[in-house]
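K.L.:
2 protein chains.
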Amino acid sequence: MRPRGSTKGEQTRQAILGHALGLATTVGFEGLTIGRLAEELGMSKSGLIGHFRTKEALQVQVLEAASQRFVEEVIRPALKTPRGEPRLRALFAAFFTWESSPSLPGGCPFIAAASELDDRPGPVRDALVGILRDWFDLLAGTVRIAIDEGHFRADVDPAQFAHDVYGVMLAYHHGSRLFQDPHARARAEAAFEALLRNARREPATPLSPR
Amino acid sequence: MRPRGSTKGEQTRQAILGHALGLATTVGFEGLTIGRLAEELGMSKSGLIGHFRTKEALQVQVLEAASQRFVEEVIRPALKTPRGEPRLRALFAAFFTWESSPSLPGGCPFIAAASELDDRPGPVRDALVGILRDWFDLLAGTVRIAIDEGHFRADVDPAQFAHDVYGVMLAYHHGSRLFQDPHARARAEAAFEALLRNARREPATPLSPR
DNA sequence: CCTACCGATCGGTAGG
DNA sequence: CCTACCGATCGGTAGG
Numbered sequence: 484m485r486p487r488g489s490t491k492g493e494q495t496r497q498a499i500l501g502h503a504l505g506l507a508t509t510v511g512f513e514g515l516t517i518g519r520l521a522e523e524l525g526m527s528k529s530g531l532i533g534h535f536r537t538k539e540a541l542q543v544q545v546l547e548a549a550s551q552r553f554v555e556e557v558i559r560p561a562l563k564t565p566r567g568e569p570r571l572r573a574l575f576a577a578f579f580t581w582e583s584s585p586s587l588p589g590g591c592p593f594i595a596a597a598s599e600l601d602d603r604p605g606p607v608r609d610a611l612v613g614i615l616r617d618w619f620d621l622l623a624g625t626v627r628i629a630i631d632e633g634h635f636r637a638d639v640d641p642a643q644f645a646h647d648v649y650g651v652m653l654a655y656h657h658g659s660r661l662f663q664d665p666h667a668r669a670r671a672e673a674a675f676e677a678l679l680r681n682a683r684r685e686p687a688t689p690l691s692p693r
Numbered sequence: 484m485r486p487r488g489s490t491k492g493e494q495t496r497q498a499i500l501g502h503a504l505g506l507a508t509t510v511g512f513e514g515l516t517i518g519r520l521a522e523e524l525g526m527s528k529s530g531l532i533g534h535f536r537t538k539e540a541l542q543v544q545v546l547e548a549a550s551q552r553f554v555e556e557v558i559r560p561a562l563k564t565p566r567g568e569p570r571l572r573a574l575f576a577a578f579f580t581w582e583s584s585p586s587l588p589g590g591c592p593f594i595a596a597a598s599e600l601d602d603r604p605g606p607v608r609d610a611l612v613g614i615l616r617d618w619f620d621l622l623a624g625t626v627r628i629a630i631d632e633g634h635f636r637a638d639v640d641p642a643q644f645a646h647d648v649y650g651v652m653l654a655y656h657h658g659s660r661l662f663q664d665p666h667a668r669a670r671a672e673a674a675f676e677a678l679l680r681n682a683r684r685e686p687a688t689p690l691s692p693r
């Protein structure tokens, strides 16, 4: 077991991970080179990689550090809100705070990494999939609670709802970053409200024969 | 003007672009190196890059070639279907054929490239944004026709609808590739049907006082 | 944590 | 279209 206290080495390691996380959101996990990281942090390449042994281990630890921050900044605060729909709203809102954090210039690191890693099997991809699965399960679980609380209809599919919310977040990421669409946030809110409305009201009843 | 007939050089150029497109879907546009491309095609690096002068020009032309294929394989067939909702369904269905084409092992090249390029201003990104804008406009225009035809309510927002459909496609790409979710296609269909249902039926009327 | 170094690969050019 | 080559950078190691 490697000690993870507040030793000098551990502080340096955390500083590297924090900087690497922000860099990864803009240049990707492959673009996260040891040389560039070392230069920006004012250390030598060997001094830097000595904390992680390999670039792959660095990448995994960057994802783990990001996951810890996500839990602290997005999930934990939302869990303080009332169960069910209010909590779902809190999680959704917290995502935008996270996505626009100044320390994540390229936005959500998990979304930024997804397309890059989906074709590259290995520990880095596995770490990302695990993090996103946990996020999915949390969303679906929150929807299930909303059903139990009577906020949503009993026949709402929690996994489908989580998938739909995820799609809204992805579209926001693309809209705000690639297209630089000033209405991206409003579009995401409108899509989310439509999802809530569908989950709340009675099942569709055809208004006219087809 | 460079001739683009069926000369020997032009044939070689097209062969390079076709192979590069498939490769880019898995390794990304940065991972598309001249050396690897040359080796896989059995040519020298200089012989290959001579057709394009720079890697950036190659990347732009790969995107242009992909766009041409997208028009031929997705848009043109869908335009033969009846206007309005049927055409919207045809565009949606054709996207999945495109996304799972054997010559695009990593799926839709535009989605694959989006996260990679959103932080890198330049001609390659500009080309991608142009292609995706056209796609958006086509979707929104098709929705507008569906309103005119009376398939959808008059107060449906075409741009919002296009955004929502785009989100469903993004979620499908992630679900099927990163998560390898066997239900990804079914989830996408369910999400799309819900969008159509919302566009078809009367505006929400609260069923109970809040 | 450093300097010094390794082989491999990068995009691209010179010259033919 | 080729061979031969350029300087830069890659991840990583040896040795301290």
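In order, the protein sequence lines correspond to chains A and B. Per this note's numbering, the first sequence runs over residues 484 to 693. Per this note's numbering, the second sequence runs over residues 484 to 693. Ideal placement from N, C-alpha and C gives every residue a C-beta, glycine not left out. For clarity, every value in this text was computed on a predicted model and none was experimentally measured.
1) Could you tell me which chain B residues have their CB closer than 8 Å to the CB of Phe662 of chain A, listed as they occur along the chain?
2) Is there at least one Cβ from chain A nearer than 8 Å to Leu653 of chain B's Cβ?
3) In chain order, what residues of the stretch 668 to 684 of chain B put their CB closer than 7 Å to some CB of chain A?
4) Does DSSP put Gly511 of chain A in a helix, a strand or coil?
5) State the Cα-Cα distance for the pair Gly511 of chain B and Arg570 of chain A, rounded to the nearest angstrom.
6) Buried or exposed: Glu582 of chain A, going by 16 or more other Cβ atoms within 10 Å of its Cβ?
7) Looking only at C-alpha atoms, which of A:Thr490, A:Leu546, A:Glu513 and A:Gly530 sits nearest to Gly501 of chain A?
8) Taking Glu523 of chain B as part of the alpha helix (DSSP H), name the residues at either end of that continuous run.
9) When you compare the CB of Gln494 of chain B with every CB in chain A, is at least one pair closer than 8 Å?
10) Please classify Arg460 of chain A: does DSSP put it in a helix, a strand, or coil?
11) With respect to the alpha helix (DSSP H) encompassing Phe662 of chain A, which residues constitute its N-terminal and C-terminal limits?
12) Which class does Arg603 of chain A belong to by DSSP, given the choice of helix, strand or coil?
13) Less than 8 Å between CB atoms is the rule here; does Ala576 of chain B satisfy it with respect to chain A?
14) Are the CB atoms of Leu653 of chain B and Ile558 of chain B nearer to each other than 8 Å?
15) Any contact of the stretch 596 to 606 of chain B with the stretch 656 to 676 of chain A, i.e. 3+ C-beta pairs under 8 Å?
16) Does Ile517 of chain A get closer than 8 Å to chain B when you measure Cβ to Cβ?
17) Roughly how many whole angstroms lie between the Cα atoms of Ser550 of chain A and Ala642 of chain B?
18) In three-state DSSP terms, what is Ala538 of chain B?
19) Under 8 Å, Cβ to Cβ, is there at least one residue of chain A near Arg485 of chain B?
20) Got a sec? Which residues, its chain only, sit under 6 Å from Arg627 of chain A by beta carbon, not counting five neighbours each side?
21) Are there 16 or more other CB atoms within 10 angstroms of the CB of Asp647 of chain A, so buried, or fewer, so exposed?
22) Count the other C-beta atoms from every protein chain shown that fall within 10 angstroms of the C-beta of Ala597 of chain A, then say buried if there are 16 or more, exposed otherwise.
23) If we cut at 8 Å on Cβ distances, does Glu523 of chain A have a partner in chain B?
24) Between Gly567 of chain B and Val651 of chain A, which are expected to be in contact by the criterion C-beta below 8 Å, what is the C-beta distance as a whole number of angstroms?
25) Given a limit of 9 Å on CB to CB distance, which residues of the stretch 583 to 596 of chain B reach chain A?
26) Assuming Ser529 of chain A is part of the alpha helix (DSSP H), what are its boundary residues?
27) Would you kindly work out how many angstroms separate the C-alpha atoms of Glu556 of chain B and Phe579 of chain B, rounded to a whole number?
28) Output, in sequence order along the chain, the residues in the stretch 613 to 647 of chain A whose CB is closer than 9 Å to any CB in chain B.
29) Skipping 5 residues on each side, what residues in its chain have a beta carbon closer than 6 Å to that of Val543 of chain A?
30) Give me, in chain order, the residues of the same chain whose beta-carbon lies closer than 7 Å to that of Ser529 of chain A; leave out the 5 immediate sequence neighbours on both sides.
31) Skipping 5 residues on each side, what residues in its chain have a beta carbon closer than 6 Å to that of Ala623 of chain B?
32) Going by Cα to Cα distance, which pick from B:Gly589, B:Ala561 and B:Pro585 is closest to Ala576 of chain B?
33) How many whole angstroms separate the CB atoms of Gly492 of chain B and Ser586 of chain B, which I take to be in contact at a CB cut-off of 8 Å?
34) Write down the C-beta distance between Leu515 of chain A and Ala507 of chain A rounded to the nearest angstrom, noting that I regard them as a contact closer than 8 Å.
35) How about Phe662 of chain B and Val554 of chain A: do their beta carbons lie closer than 8 Å?
P.N.:
According to the structure shown:
1) Listed along chain B, the residues sitting closer than 8 Å to Phe662 of chain A by beta-carbon distance are Val612, Leu615 and Arg616.
2) Interface residue, yes.
3) Going along the stretch 668 to 684 of chain B in chain order, one finds Arg670, Ala673, Ala674, Ala677, Arg680, Asn681 and Arg684 with a Cβ nearer than 7 Å to chain A.
4) Coil at Gly511 of chain A, not helix or strand.
5) If you take the alpha carbons of Gly511 of chain B and Arg570 of chain A, they lie about 37 Å apart.
6) Burial of Glu582 of chain A is indicated by the presence of at least 16 other C-beta atoms within 10 angstroms of its C-beta.
7) With distances taken between Cα atoms, Gly501 of chain A lies closest to A:Leu546.
8) Taken as a continuous stretch (DSSP letters only), the alpha helix (DSSP H) holding Glu523 of chain B covers Ile517 to Leu524.
9) Interface with chain A (8 Å Cβ-Cβ cutoff): Gln494 of chain B is excluded.
10) Only positions 484 to 693 of chain A appear in the structure, and residue 460 of chain A is not among them; the question remains open.
11) Under the DSSP assignment, Phe662 of chain A falls outside any alpha helix (DSSP H); it carries neither an H nor an E label.
12) Here Arg603 of chain A sits in coil by DSSP.
13) Chain A, which has no Cβ nearer than 8 Å to the Cβ of Ala576 of chain B, makes this no.
14) Between Leu653 of chain B and Ile558 of chain B, the CB-CB gap reaches or exceeds 8 Å.
15) Counting Cβ pairs under 8 Å, three or more are found: they touch.
16) Chain B contact via Cβ: absent.
17) Between Ser550 of chain A and Ala642 of chain B, the C-alpha separation is close to 34 Å.
18) A small fix is needed here, since residue 538 of chain B is Lys in this sequence, not Ala. It is helical.
19) Residue placement at Arg485 of chain B is poorly supported in this model, since its pLDDT is 48, which falls under 50; the coordinates are not used for a value here.
20) Once the five neighbours on either side are set aside, the close Cβ partners of Arg627 of chain A are Pro641.
21) Per the 10 Å Cβ criterion, buried.
22) Per the 10 Å Cβ criterion, buried.
23) Cβ-Cβ to chain B under 8 Å: no for Glu523 of chain A.
24) Your pair Gly567 of chain B and Val651 of chain A does not check out as a contact, with CB atoms roughly 25 Å apart and the cut at 8 Å.
25) Result list: Pro588, Gly589, Gly590, Ile594, Ala595 and Ala596.
26) Counting along the chain, the unbroken alpha helix (DSSP H) around Ser529 of chain A starts and ends at Lys528 to Ile532.
27) So the two alpha carbons sit approximately 11 Å from each other.
28) Answer in chain order: Leu615, Arg616, Phe619, Asp640, Ala642, Gln643, His646 and Asp647.
29) The answer, listed in chain order, is Pro606, Val607 and Ala610.
30) For Ser529 of chain A, where only same-chain residues beyond five positions count, there are no Cβ hits under 7 Å.
31) Within the same chain, Ala623 of chain B has close Cβ partners Pro641, Ala642 and Ala645.
32) Ranking the options by Cα distance to Ala576 of chain B, first place goes to B:Ala561.
33) Between Gly492 of chain B and Ser586 of chain B the beta-carbon gap is near 22 Å, outside 8 Å, which marks them as no contact.
34) Sure, about 5 Å apart at Cβ, within 8 Å.
35) Contact flag unset, no.
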